[in-house]
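Residue numbering for the sequence shown follows the working numbering, beginning at 11 and increasing consecutively. Ideal placement from N, C-alpha and C gives every residue a C-beta, glycine not left out.
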Amino acid sequence: MVGAAAAALLARAGFEVAVVEAREPPPFDATQSVGLRVSAFSPGSAEVLREAGAWRQVERQRHCPYRRMVVEDRDESSRLEFDAPEFGLERLGTIVENDLVQWALWQSLLATGGVELACPDQVAALENDVGGAVVGLRSGAQLRCRLLVAADGADSGVRKLLGIRQQQWEYGQMGVVGVVRSVVPNPGLAWQRFMEGGPLAFLPLQDGASSIVWSRPEADAARLLGLDEGDFLAELRQAAAGGAGHWPGVLAGCGPRAAFPLTMRLSDRYHARGAVLIGDAAHVVHPLAGQGVNLGLLDAAALTEVLVDARRRQEDIAAEATLVRYGRWRRSEAEIMARGIHGIRGLFMPEELGLLRRLGIGLVSRSWTAKEAFIRRATGRNRAAPALARGVTLADLLRQ
Ligand SMILES: Cc1cc2nc3c(=O)[nH]c(=O)nc-3n(C[C@H](O)[C@H](O)[C@H](O)COP(=O)(O)OP(=O)(O)OC[C@H]3O[C@@H](n4cnc5c(N)ncnc54)[C@H](O)[C@@H]3O)c2cc1C
Numbered sequence: 011m012v013g014a015a016a017a018a019l020l021a022r023a024g025f026e027v028a029v030v031e032a033r034e035p036p037p038f039d040a041t042q043s044v045g046l047r048v049s050a051f052s053p054g055s056a057e058v059l060r061e062a063g064a065w066r067q068v069e070r071q072r073h074c075p076y077r078r079m080v081v082e083d084r085d086e087s088s089r090l091e092f093d094a095p096e097f098g099l100e101r102l103g104t105i106v107e108n109d110l111v112q113w114a115l116w117q118s119l120l121a122t123g124g125v126e127l128a129c130p131d132q133v134a135a136l137e138n139d140v141g142g143a144v145v146g147l148r149s150g151a152q153l154r155c156r157l158l159v160a161a162d163g164a165d166s167g168v169r170k171l172l173g174i175r176q177q178q179w180e181y182g183q184m185g186v187v188g189v190v191r192s193v194v195p196n197p198g199l200a201w202q203r204f205m206e207g208g209p210l211a212f213l214p215l216q217d218g219a220s221s222i223v224w225s226r227p228e229a230d231a232a233r234l235l236g237l238d239e240g241d242f243l244a245e246l247r248q249a250a251a252g253g254a255g256h257w258p259g260v261l262a263g264c265g266p267r268a269a270f271p272l273t274m275r276l277s278d279r280y281h282a283r284g285a286v287l288i289g290d291a292a293h294v295v296h297p298l299a300g301q302g303v304n305l306g307l308l309d310a311a312a313l314t315e316v317l318v319d320a321r322r323r324q325e326d327i328a329a330e331a332t333l334v335r336y337g338r339w340r341r342s343e344a345e346i347m348a349r350g351i352h353g354i355r356g357l358f359m360p361e362e363l364g365l366l367r368r369l370g371i372g373l374v375s376r377s378w379t380a381k382e383a384f385i386r387r388a389t390g391r392n393r394a395a396p397a398l399a400r401g402v403t404l405a406d407l408l409r410q
């Protein structure tokens, strides 16, 4: 999602772009059941995807805007509520299947001039220098570029080839995901409860079902995957009992389940000679705040803005100063987010911190300023967010 968004934005800004992608996204088929991977896209990310030529496609297909979010402690007595209109927003975010966003972006790339697609193909070798990068592909082809943008995900082979190191925290947890139905449909609520072992989130889907992300210690996640549907629903029902407004209530069914490892990774730097990192290739965060792909889409927007600005000043787009500007901007944003999420997770883990946690939730829930600051960042509308996420169009940016 992040690499394709960056490619679409850069091509639409008039740069010549080549995309190397291992796997072409299959056509999105809305007659199939909802995919296991969904993401909560912030309003800022929606703006970025609109400028990348993908959001209109998304809005024509399966998607679910949500206006309310509830975060509660395991004992339910302390909770935080966020309502979009309270912050002058029409929505807090939109739940969309990752497959749909990938497909919509791919359609945009096919329709945008100035994009060369090398797909299916893979980066196999790399030589980078101040003069640019030479990328060797598995097919034997070679690409020469002024700037290489690595967007190859959490296990980025390109980051390793660039010799950029990362700090990494293993949470010893897996995120168990699945689509569940309740007798009373999800009323468009994003609900999360912090419990011993990790948070449980229900994200609303268009048809009243919910996509769940249940963070569990690794062994327990494996056990949950092995349960039959009835036993899994019974455990989930117990974990979710007494939720916001007594929703989700009785759970009626669950589709297939899967589990993904949860880690936090921060790259020491986001650039090397002739190359930059974006998206999960640069940073990975725990999904409890639903921010991973949102951070990545803001990287794509920020990179576009920095490169357009360099071109306007007739500077080299891969000059050290240009890449440092991008890297400092986005690394500091990712660090604030990653460490914030790490801290929240830490606060919710041990039983002994119960009092501190309840005090913290109580203080934040009474402080509109604290809630507003949180919402601004989570929706991609804080002051350090790229202009493209704050409603400035690519056309405006190119006119400046
Ligand atoms: C359980 C779970 C729930 C989540 N929920 C949310 C959420 O609600 N909101 C949110 O913002 N984030 C969420 N995230 C995080 C989000 O899924 C990731 O941040 C996002 O998918 C990263 O996108 P990306 O494009 O950077 O990387 P990827 O999706 O990993 O894409 C990498 C791309 O590079 C290609 N590639 C890899 N290697 C090569 C190579 N050598 N040559 C060519 N191509 C290559 C791959 O084919 C792929 O297309 C969640 C994560 C998990 C685990």
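Practice task
Give the secondary structure of N196 by DSSP, where H, G and I count as helix, E and B as strand, and everything else as coil.
Solution key: coil
Problem - Three or more C-beta pairs below 8 Å linking the segment 100-113 and the segment 67-80 - result: yes
Problem - F38 (DSSP reduced to helix, strand or coil) - result: coil
Problem - C-alpha gap between Q183 and D165, whole angstroms - result: 18 Å
Exercise for the section: Indicate, with yes or no, if ligand 1 has a heavy atom lying under 8 Å from the CB of G146. Expected result: no
Practice task
Consult DSSP for H293 and reduce its assignment to one of helix, strand or coil.
Solution key: strand
Practice task
Confirm the yes/no value for this check: CB of F384, any heavy atom of ligand 1, distance under 8 Å.
Solution key: no
Practice task
Could you say which of V159, W378 and T403 lies nearest to E31 if we only look at CA atoms?
Solution key: Between E31 and the set V159, W378 and T403, the nearest pair of CA atoms involves V159.
Problem - Helix, strand or coil at H281 according to DSSP, with G and I counted as helix - result: Strand, per DSSP.
Exercise for the section: Report all residues from its chain with a CB closer than 8 Å to the CB of L59; omit the five preceding and five following residues, and keep chain order. Expected result: A15, F51, W65, V68, V111, A114, L115 and L307
Handout entry: Q132 Cβ short of 8 Å to ligand 1 heavy atom set
Key = Short note on Q132: C-beta closer than 8 Å to some heavy atom of ligand 1.
Exercise for the section: Say yes only if the C-beta of P36 is nearer than 8 Å to one or more non-hydrogen atoms of ligand 1, and no if none qualify. Expected result: no
Exercise for the section: Decide yes or no for the touch test of the segment 269-280 against the segment 171-191: beta carbon pairs closer than 8 Å, at least 3 of them. Expected result: yes
Problem - Where T332 sits in the DSSP three-state scheme - result: helix
Handout entry: Selected residue, minimal CA-CA separation from L171, among V260, E137 and D93
Key = E137
Exercise for the section: Find the nearest neighbour of L272 within the set H296, H256, A291 and R283, judged by alpha-carbon distance. Expected result: H296
Practice task
List the DSSP bridge partners of Y76.
Solution key: Per DSSP, G103.
Exercise for the section: In angstroms with no decimal places, state the Cα-to-Cα distance between E373 and E82. Expected result: Note on identity: in this sequence residue 373 is Leu, with Glu being the wrong assignment. Straight across, the Cα-Cα distance linking L373 with E82 is about 14 Å.
Practice task
Say yes only if the C-beta of M274 is nearer than 8 Å to one or more non-hydrogen atoms of ligand 1, and no if none qualify.
Solution key: Every heavy atom of ligand 1 is 8 Å or more from the Cβ of M274, so no.
Exercise for the section: Please work out which residues of its chain come closer than 7 Å, Cβ to Cβ, to E333, disregarding the five sequence neighbours upstream and downstream, and give them in chain order. Expected result: Per the sequence shown, residue 333 should be read as Leu rather than Glu. For L333, where only same-chain residues beyond five positions count, the Cβ hits under 7 Å are H281 and V286.
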